[in-house]
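Asks: Below are the structure tokens for one structure; questions will follow.
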Amino acid sequence: QISTALLKLYFTKNDEKILKKSCDDIKSGLDVFETELIKRGTKFFGGDTPGMLDYMIWPWAERLPMVEMIARNNALLNQDRFPKMLSWMDFMKNDAAVKLSFISPENHLKYLNSRLEGRPDYDMED
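The sequence shown lines up with residues 1 to 126 when you count with full-length UniProt numbering.
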């Protein structure tokens, strides 16, 4: 649900209806993960340390702050609605493997814009 919504949102050209629907779909998907973290009662989906599931989810979670930059008035990462997911994201950012490969929201947005302009720039650095 989240991956499809992200792709639609990435390639939406100022279509507010698609933008809102994509953001709503992302939030619905995040609700599932929020509920799962509450149910598990752990910092990570894998327990007290990140596991395979955490690393599989991370790449699109890393892009959520970038998505907020293009979502305009459709805030995604609400602390009241997603406290566990936001904590999980903070914990993941402190993981050694994630730190090694982290891409800033600004660079994600620069890349997306370059791709949409037909000139993808793969060599961005912070």
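Even for Gly, the Cβ is constructed at its ideal location relative to N, Cα and C.
(1) Return the residue from the list W60, D15 and A75 that minimises the CA-CA distance to residue 141.
(2) By Cβ distance below 7 Å, which residues in the same chain neighbour residue 130 in space, the five residues on each side in sequence not counted?
(3) Per the DSSP calculation, G47 is bridged to which residue(s)?
(4) Tell me whether G118 sits in a helix, a strand or coil according to DSSP, three-state version.
(5) Quick check: what's the CA-CA separation for D95 versus G51?
Replies: In this structure, then:
(1) Missing from the structure shown is residue 141; the chain here goes from 1 to 126 and no further.
(2) Coverage of the chain is limited to positions 1 through 126, which leaves residue 130 absent and any answer about it impossible.
(3) F44
(4) coil
(5) 11 Å
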